[in-house]
Amino acid sequence: MGSVEEIYESEVHRTITRRTSYKIKETSSKKTTTMTTAPAKLYGKNLSEYDDLDVDQLLSQLSPEEISILSKEVDPDDNLLPPSERCSYECDKEATGPLNRKKLIEHINKQALETPDLPEHKPYVPGTVRGKKWVAPETNGKSEHEDKIAIDLDDEYGDALNNASQEEIIDLAAILGFHSMMNQDQYHASLLNKGQPVGLGWDGITKSTQPKVYPPEPPNQTDPEESIKRVRDDDPKLLDLNWNNIKNISDEKFENLFNALVENTHLETLSLVNVGLTDRLAGKLSEALEKNCTLRVCNVETNFISPVGIVRLVKSLLKQRSLEEFRATNQRSQILGNKIEMEITKLIEQNPTILRLGLHLEYNDARHRIASHLQHNIDRIRKDTPLKMKFRFFRKTPQKHRKNLIK
Numbered sequence: 001m002g003s004v005e006e007i008y009e010s011e012v013h014r015t016i017t018r019r020t021s022y023k024i025k026e027t028s029s030k031k032t033t034t035m036t037t038a039p040a041k042l043y044g045k046n047l048s049e050y051d052d053l054d055v056d057q058l059l060s061q062l063s064p065e066e067i068s069i070l071s072k073e074v075d076p077d078d079n080l081l082p083p084s085e086r087c088s089y090e091c092d093k094e095a096t097g098p099l100n101r102k103k104l105i106e107h108i109n110k111q112a113l114e115t116p117d118l119p120e121h122k123p124y125v126p127g128t129v130r131g132k133k134w135v136a137p138e139t140n141g142k143s144e145h146e147d148k149i150a151i152d153l154d155d156e157y158g159d160a161l162n163n164a165s166q167e168e169i170i171d172l173a174a175i176l177g178f179h180s181m182m183n184q185d186q187y188h189a190s191l192l193n194k195g196q197p198v199g200l201g202w203d204g205i206t207k208s209t210q211p212k213v214y215p216p217e218p219p220n221q222t223d224p225e226e227s228i229k230r231v232r233d234d235d236p237k238l239l240d241l242n243w244n245n246i247k248n249i250s251d252e253k254f255e256n257l258f259n260a261l262v263e264n265t266h267l268e269t270l271s272l273v274n275v276g277l278t279d280r281l282a283g284k285l286s287e288a289l290e291k292n293c294t295l296r297v298c299n300v301e302t303n304f305i306s307p308v309g310i311v312r313l314v315k316s317l318l319k320q321r322s323l324e325e326f327r328a329t330n331q332r333s334q335i336l337g338n339k340i341e342m343e344i345t346k347l348i349e350q351n352p353t354i355l356r357l358g359l360h361l362e363y364n365d366a367r368h369r370i371a372s373h374l375q376h377n378i379d380r381i382r383k384d385t386p387l388k389m390k391f392r393f394f395r396k397t398p399q400k401h402r403k404n405l406i407k
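Numbering (this note's numbering), first residue to last: 1 to 407.
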């Protein structure tokens, strides 16, 4: 027998484990796909086959009707025609005669009256109610109330307001400036302490105030012939000449006035409002303004002067530079245009003596530049005391001459 160790070794089975490692090589395969599209076809043929076709030969084989259909589908609209005439409808019928609009309207009205109305699907029966009547939805009766604002006042002020009458509250509202709580009658009555009118309280009926009746203004009584003579004679008492609203003044009288104005040395104000001045007469006036050196105010509003005539008048002010105020709004053309306004702006900026200008300007640039220049002239002259006294704008009319003004 063998030893114990030998017996044990013979009975034990030894297991040997071998580790093997494998490396896997990854290979990436790229797939390339090519898209092949079939060539475009038109009516079963490739487009390249139409390149060699003779278009003129094909068009010569078409009938006039087919050519008109093709032109309607291919040709664009004629931009030179109005939209109302760009239609595909063509009437091949011959004209029955000249167009008579009056007879055509009579025929249409007659045809409309003779054509019977379409029968109603359901004839109208008096007293028969059809459909459903609208019923207002039911409400719970709860209305939203406005939240009252609690104002903490002293006991003295609270008692005074609670015991105040309507007249006293109205007077208090007038003092505090709450004009929406009262009308004009109540406001003026509270200011003048006349007492409130009867029936105009908080619960009174609002009544309209009757406008005051003023007598019509009398017509202008100035005699054109006499005033022309006084201007020609250089009357020292004639400082203000007013021809406003005088109708039917002939062009000859205007020309005589403007010719006499050239040699006049006392007239300071000339008003020719609503007298029908035209561009030709405005040209005569501009020639007189170029030579007159004593006129201070010229007003030619509400006439028929064009924008070009206004530019000529403004340009004439640069000759003597004695006119302080010029007004020419409300003419034949209400809108002067950007070009005219810019030209007037440049002329005004060259004038160092103009202080007031009455023109309706549409563009903000022109308004701002003219207003700035006028303010600059006023400030510059106001600081120079000797120069300031020469301008009518800064001095009052002498008392001895006021009663001699022609109005």
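Think of the CB as a built atom: it goes at the ideal place given N, C-alpha and C, for glycine as much as any other residue.
As a quick exercise: from the options, pick the residue whose alpha carbon is nearest that of residue i.
{"i": "K253", "options": "S190, L285, S71, E263", "result": "L285"}
{"i": "Y89", "options": "I105, I354, S68", "result": "S68"}
{"i": "D223", "options": "L241, P126, T209, P236", "result": "L241"}
{"i": "L359", "options": "F326, P211, L80", "result": "F326"}
{"i": "L317", "options": "T139, S306, R296", "result": "R296"}
{"i": "L357", "options": "L59, T329, V273", "result": "T329"}
{"i": "M417", "options": "Q375, K319, V308", "result": "Beyond the ends of the chain as shown, which are 1 and 407, falls residue 417; an answer cannot be given."}
{"i": "N248", "options": "R232, K237, F258, N220", "result": "N220"}
{"i": "Q334", "options": "K315, I310, L347, C87", "result": "I310"}
{"i": "A366", "options": "L336, K383, L387", "result": "L336"}
{"i": "Y363", "options": "T385, I348, N338, L347", "result": "N338"}
{"i": "R130", "options": "K93, R232, K122", "result": "K122"}
{"i": "S372", "options": "K388, C293, I348", "result": "I348"}
{"i": "R332", "options": "C293, A282, I378", "result": "A282"}
{"i": "L238", "options": "E268, A260, V262, E217", "result": "E268"}
{"i": "I305", "options": "K315, K291, R280", "result": "R280"}
{"i": "N409", "options": "H266, S250, L277", "result": "Residue 409 cannot be examined here, being either before or after the span of the chain that is shown, 1 to 407."}
{"i": "E167", "options": "L361, D185, V55, Y157", "result": "D185"}
Specify the secondary structure class of residue i as computed by DSSP and reduced to three states.
{"i": "R367", "result": "helix"}
{"i": "N242", "result": "strand"}
{"i": "R356", "result": "strand"}
{"i": "L70", "result": "helix"}
{"i": "K45", "result": "strand"}
{"i": "T139", "result": "coil"}
{"i": "M389", "result": "coil"}
{"i": "E90", "result": "coil"}
{"i": "S316", "result": "helix"}
{"i": "G158", "result": "helix"}
{"i": "P215", "result": "coil"}
{"i": "K23", "result": "At K23, the pLDDT of 48 sits below 50, so the modelled position is not reliable; the number obtained from the coordinates is stated separately. Coil at K23, not helix or strand."}
{"i": "P83", "result": "helix"}
{"i": "L53", "result": "coil"}
{"i": "D178", "result": "Here the sequence assigns Phe to residue 178, which means Asp is not the residue at that position. F178 falls in the coil class under three-state DSSP."}
{"i": "I305", "result": "coil"}
{"i": "R395", "result": "coil"}
{"i": "D233", "result": "coil"}
{"i": "Q186", "result": "helix"}
{"i": "Q111", "result": "helix"}
{"i": "H121", "result": "coil"}
{"i": "K339", "result": "helix"}
{"i": "P224", "result": "helix"}
{"i": "S166", "result": "In the sequence on display, residue 166 carries Gln and not Ser. If DSSP states are grouped into helix, strand and coil, Q166 belongs with the helices."}
{"i": "S60", "result": "helix"}
{"i": "E362", "result": "coil"}
{"i": "S208", "result": "coil"}
{"i": "N264", "result": "coil"}
{"i": "S372", "result": "helix"}
{"i": "N377", "result": "helix"}
{"i": "A173", "result": "helix"}
{"i": "V275", "result": "coil"}
According to DSSP, residue i sits in a beta bridge with which residue or residues?
{"i": "C298", "result": "L270, F326"}
Excluding the 5 residues preceding and the 5 following residue i in the sequence, name in chain order all residues of the same chain whose CB lies nearer than 6 Å to its CB.
{"i": "N109", "result": "none"}
{"i": "F258", "result": "K284, L285, A288"}
{"i": "N264", "result": "V231, D234"}
{"i": "R312", "result": "S286"}
Between which residues of its own chain and residue i is the CB-CB distance below 8 Å, once the five residues before and five after are set aside?
{"i": "L323", "result": "L289, L295, R296, V297, C298, L317, T353, I354"}
{"i": "N274", "result": "N244, N245, E301, T302, N303"}
{"i": "D171", "result": "S190"}
Please determine whether the Cβ atom of residue i lies at a distance below 7 Å from any heavy atom of the ligand FAD.
{"i": "G158", "result": "Absence of the ligand FAD is noted for the structure shown, with no ligands found whatsoever."}
Can you list, in chain order, the residues of its chain whose CB lies under 7 Å from that of residue i, leaving out five sequence neighbours each side?
{"i": "R321", "result": "N351, P352, T353"}
{"i": "K390", "result": "none"}
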